[in-house]
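In this note's numbering, the protein residues as written are 1 to 367.
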Amino acid sequence: MQNVRVELGSRTYRIAIGPSLIANLGVECKNLNLGQKCAIVSDSNVSLIYGETVFKSLKSAGFDPVLITIPAGEISKNLSEVQSCYELLAHHRVERKSFIVALGGGVVGDLAGFLAATYLRGVPLVQVPTTLLAQVDSSVGGKVGVNLKAGKNLVGAFYQPRYVACDQSVFATLPDREYKAGLAEVIKYGIIYDRSFFVKIEQNIELLLKRDPVLLSEIVARCCQIKAEIVGQDETETGLRAILNFGHTIGHGLEAISGYGQWLHGEAISIGQIAAARLSARLLGFPQIEVDRIRSLFSRVGLPTHIALPASDRRRLLDAMNVDKKVVAGEIKFVLARTIGTVEFGHGVPEDLLMEIIETLHEQGLN
Ligand SMILES: NC(=O)c1ccc[n+]([C@@H]2O[C@H](COP(=O)([O-])OP(=O)(O)OC[C@H]3O[C@@H](n4cnc5c(N)ncnc54)[C@H](O)[C@@H]3O)[C@@H](O)[C@H]2O)c1
Ligand SMILES: [Zn+2]
């Protein structure tokens, strides 16, 4: 087992990474000095596969767990689901010293985290992420929240967990598309922060696609370490934390214009990162050979690298980016790369150049 600490003063917490952590969850929670009662919040898929193991682990460690299951999928990440969960928490007499265990992917993590941040003005939270995306990204860093009809993640809070258990054995049941989407975030860490990590992924891609557990533990640990370092310096995204958004401006735009149904987040940011690399080449002298390396790596993973985007959709994409959070004083701000491993945030990009780059995504796709 490896440990990564997220250093946030009195709210510092530990991320444990390795196999068998789910079965040992109860024992780990014992050391956190939490109340006896706890609510495991999970979704309909994950709860079926891992709910019982987690329940038994907590029970045999002396806790009194209840299991709350929400329907799987992004559709559940809304305020009416939050309301139903509040009622269930009250019904099961979850109280101030009780804690919430988020068992699932990013949807469960964000929703259960929001519950923990707000129910009784805050109860302790333990994250047990079960997708690759959730282990390397959403469970670390304390952003929790839900969607509104007007857009994603518009209601939320910064609320740090007390403990995160990243167990790689759960990837055995993760659908292939979800797994690959998670790899898009993994590759992002190499581009924004650690060139040798990017090279390691390039060199081990076959093993990674076979979900080799030893390699995966190392990879997840490095991603968590990088995110922890960034969040430790800038918890509430006043500066540095923005680099985590590399590829996300265009990625979020693509998700928005497709109604959040067509693309998984990881797939959208695969295309977004290729676009950001091309923008970087035009504006910061990012070497073309590195653009090609990035594109080739996403392609080898089996992630999309281009998109059929008729002219009317290109305009819609630009408009969607304009309503995204990263617009400051009318200019869309981008995270751009100087080299693989070094990026800068806050670069304004002229709209005509942006349109040109969007066209390159289409040209290499279908008509
Ligand atoms: N808080 C943050 O910092 C942050 C960062 C990135 C993304 N997010 C959020 O995360 C969400 C996406 O998360 P996600 O990609 O994990 O999606 P998800 O939670 O919807 O999980 C994807 C699918 O995989 C299933 N699943 C999960 N683990 C499984 C397992 N081990 N075996 C079999 N099936 C499993 C789920 O039931 C679901 O159907 C989005 O809502 C996004 O906004 C939050
Ligand atoms: Zn992301």
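From the three backbone atoms N, C-alpha and C, an ideal C-beta is built for every residue, glycine too.
All of these numbers come straight from a predicted model, not from anything done at the bench.
Cβ pair residue i, residue j closer than 8 Å
i       : j       : result
Ile-219 : Leu-361 : no
Leu-58  : Cys-29  : yes
Leu-25  : Val-54  : yes
Cys-392 : Val-94  : Residue coverage of the chain in this structure runs from 1 to 367, which leaves residue 392 outside it and unanswerable.
Gln-127 : Pro-161 : yes
Leu-132 : Gly-182 : yes
Ser-44  : Ala-23  : no
Asp-194 : Val-144 : no
Gly-341 : Phe-198 : yes
Ala-256 : Ala-320 : yes
Ile-201 : Val-214 : no
Lys-15  : Val-123 : First, the amino acid is wrong: residue 15 is Ile here, not Lys. Going by C-beta atoms, Ile-15 is not nearer than 8 Å to Val-123.
Contact set for residue i: own chain, Cβ-Cβ below 7 Å, skip 5 residues either direction
i       : result
Glu-363 : none
Phe-334 : Thr-249, Ala-276, Leu-279, His-347, Val-349
Ser-10  : none
Ser-312 : none
Ala-135 : In the sequence under discussion, the amino acid at residue 135 is Gln, which differs from the Ala named in the question. Taken in chain order, the residues that qualify are Pro-129, Cys-166, Val-220.
Lys-77  : Val-107, Asp-110, Leu-111, Val-146, Asn-147
Close-in-space but distant-in-sequence residues of the same chain around residue i (CB under 6 Å, 5 per side omitted)
i       : result
Ile-17  : Gln-2, Cys-166, Ser-217, Val-220, Ala-221
Ser-258 : none
Ala-184 : Gly-266, Ile-269, Ser-270, Leu-303
Ala-228 : Val-4, Val-6
Tyr-179 : Leu-132
Gly-253 : Leu-317, Ala-320, Met-321
Asp-64  : Gln-36, Lys-37
Residues that DSSP places opposite residue i in a beta bridge
i       : result
Thr-69  : Ser-42
Glu-344 : Leu-336
Val-128 : Leu-103
Gly-368 : Here the chain comprises residues numbered 1 to 367, so residue 368 is not present and cannot be evaluated.
Ala-112 : Bridge partners of Ala-112: none, in fact.
Asp-194 : According to DSSP, Asp-194 bridges with nothing at all.
Lys-143 : Phe-158
Arg-5   : Arg-14
Gly-151 : Leu-148
Lys-37  : Asp-64
Glu-28  : Beta-bridge pairing links Glu-28 to no other residue.
Neighbourhood of residue i by C-beta, 8 Å cutoff - its chain only, sequence neighbours within 5 removed
i       : result
Gly-51  : Ile-40, Ser-42, Leu-67, Thr-69, Leu-103
Glu-351 : Leu-318, Ile-332
Leu-353 : Leu-279, Arg-282, Leu-283
Gly-232 : Val-6, Glu-7, Leu-8
Val-355 : Rather than Val, the amino acid found at residue 355 in this sequence is Met. Closer than 8 Å at Cβ, skipping near neighbours: Arg-314, Leu-318.
Tyr-189 : Val-136, Phe-197, Arg-222, Cys-223, Ile-226, Lys-227
Whole-angstrom C-beta distance between residue j and residue i, which should lie under 8 Å
i       : j       : result
Lys-37  : Ser-98  : 4 Å
Gly-106 : Glu-235 : Actually they are not in contact, since the Cβ atoms of Gly-106 and Glu-235 sit about 19 Å apart, beyond 8 Å.
Thr-339 : Phe-286 : 7 Å
Phe-345 : Ile-243 : 5 Å
- Task: Write down every uninterrupted run of the alpha helix (DSSP H) in the stretch 265-326 whose length is 4 residues or greater and which is fully enclosed by it, in chain order.
- Result: 265-284, 288-301, 311-323
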